[in-house]
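Participant: Residue numbers (mature numbering (1 follows the signal peptide of the UniProt record, and there is no 0)): -23 to -1, 1 to 169. From the three backbone atoms N, C-alpha and C, an ideal C-beta is built for every residue, glycine too. All figures in this text were calculated on a predicted structure; none of them were measured in a lab.
1. Since residue 87 and residue 6 should fall inside the 8 Å C-beta cutoff, what is the C-beta to C-beta distance between them, to a whole number of angstroms?
2. So the alpha helix (DSSP H) residue 170 belongs to, where does it begin and stop?
3. Just list the beta strand (DSSP E) runs in the stretch 80 to 111, keeping only unbroken ones of 3 residues or longer that don't cross its boundaries, in chain order.
4. Tell me whether residue 116 is buried or exposed, calling it buried when 16 or more other Cβ atoms sit within 10 Å of its Cβ.
5. Within the continuous alpha helix (DSSP H) that includes residue 61, where are the two ends?
6. Which same chain residues, not among the five before or five after residue 131, have their C-beta less than 7 Å away from its C-beta?
7. For residue 61 and residue 162, I'd like the C-alpha separation in whole angstroms.
8. Could you give the residue range of the alpha helix (DSSP H) that holds residue 145?
9. Residue 101: which of 156, 65 and 36 sits nearest, CA to CA?
10. Return the residue from the list 45, 28, 4 and 27 that minimises the CA-CA distance to residue 15.
11. Give me the Cα-Cα distance between residue 152 and residue 118, rounded to the nearest whole angstrom.
12. Just verifying my parser: in three-state terms, what is the DSSP assignment at residue 114?
13. Under three-state DSSP, which class holds residue 135?
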C-alpha cells in the first residue's frame, strides 16, 4: 500500500510541476543524443537473466548501454513534455486549433521521433529468437522494457500526428510511463 501511495504521490507531483507548453512557453527541442563508451554491464544476478547471460552478445550489451545512456539523459525531459502537452491539450478541450497546441505538438512529435529513431535499432538488437518454439525474448535484464518503451514512444507520436484527444493519447503515455518506471526503479541503467 505504501509503495502505491508513494508512486501516486510522485505522479501527482510530476503532473502539477510539469511545464505546460503554450505560445508564451514554447517546448524546447531535445538535443540529438550521442552515446559514449563506459564500463556498464547488464545485471546478470536476477533470475532468469543469470541463466541467460551466456546468450547475451556484445552487440546487445552495447545496445542496452546506449539505450540506458539515452534513458538517463532524455527520458525524464521527454516524458515531462509529453505529460505537459497532454494536460495542455486537455485544458484546451482537445482543440488542436487552439493557440500554441500545434506548435507544441510539432516539437514534441519531433522529440519523440528523434528518440524513437535512436532507440529503434538498439531495441531490436535486444531481442533474440528462442529455439525451438521461435518466440522472441530479451536475455538482457529489462531489455524487453526498453523495447516496449521504444514502441510506446512511436505510438504516442503517431497518435499526436493524428490529433487524437488527450484521453486517447493517455493509453500509450500511461504504458510508456509504466515501462519507464520499471527501467528507472530496477536501476538497470545505473552507471551507464
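Facilitator: Short version:
1. Residue numbering aside, residue 87 sits at position 110 when the chain shown is read from its first letter. Residue numbering aside, residue 6 sits at position 29 when the chain shown is read from its first letter. Sure, about 6 Å apart at Cβ, within 8 Å.
2. Lying before the first or after the last residue shown, residue 170 is absent from the chain, which here runs from -23 to 169.
3. none
4. In the chain shown, residue 116 corresponds to position 139, counting from 1. So residue 116 ends up on the buried side.
5. Here residue 61 corresponds to residue number 84 of the chain shown, with the count starting at 1. Note, residue 61: alpha helix (DSSP H), 53 to 68.
6. The residue given as residue 131 occupies position 154 in the chain shown. If we look at residue 131 and ignore the five residues flanking it on each side, its Cβ neighbours are 93.
7. Locating residue 61 in the chain shown gives position 84, counting from the first residue. Locating residue 162 in the chain shown gives position 185, counting from the first residue. So the two alpha carbons sit approximately 22 Å from each other.
8. The count along the chain shown starts at 1 and reaches residue 145 at position 168. That run of the alpha helix (DSSP H) goes 143 to 163.
9. Mapped onto the chain shown, residue 101 falls at position 124. Considering only alpha carbons, the answer is 36.
10. Walking along the chain shown from the start, residue 15 turns up at place 38. Cα-wise, what sits closest to residue 15 is 45.
11. Reading the chain shown from its first residue, position 175 is the one you call residue 152. Reading the chain shown from its first residue, position 141 is the one you call residue 118. Straight-line Cα distance between these residues: approximately 19 Å.
12. Numbered from its first residue, the chain shown carries residue 114 at position 137. Three-state DSSP puts residue 114 in a strand.
13. Position 158 of the chain shown holds residue 135. Of the three classes helix, strand and coil, the one that applies to residue 135 here is helix, per DSSP.
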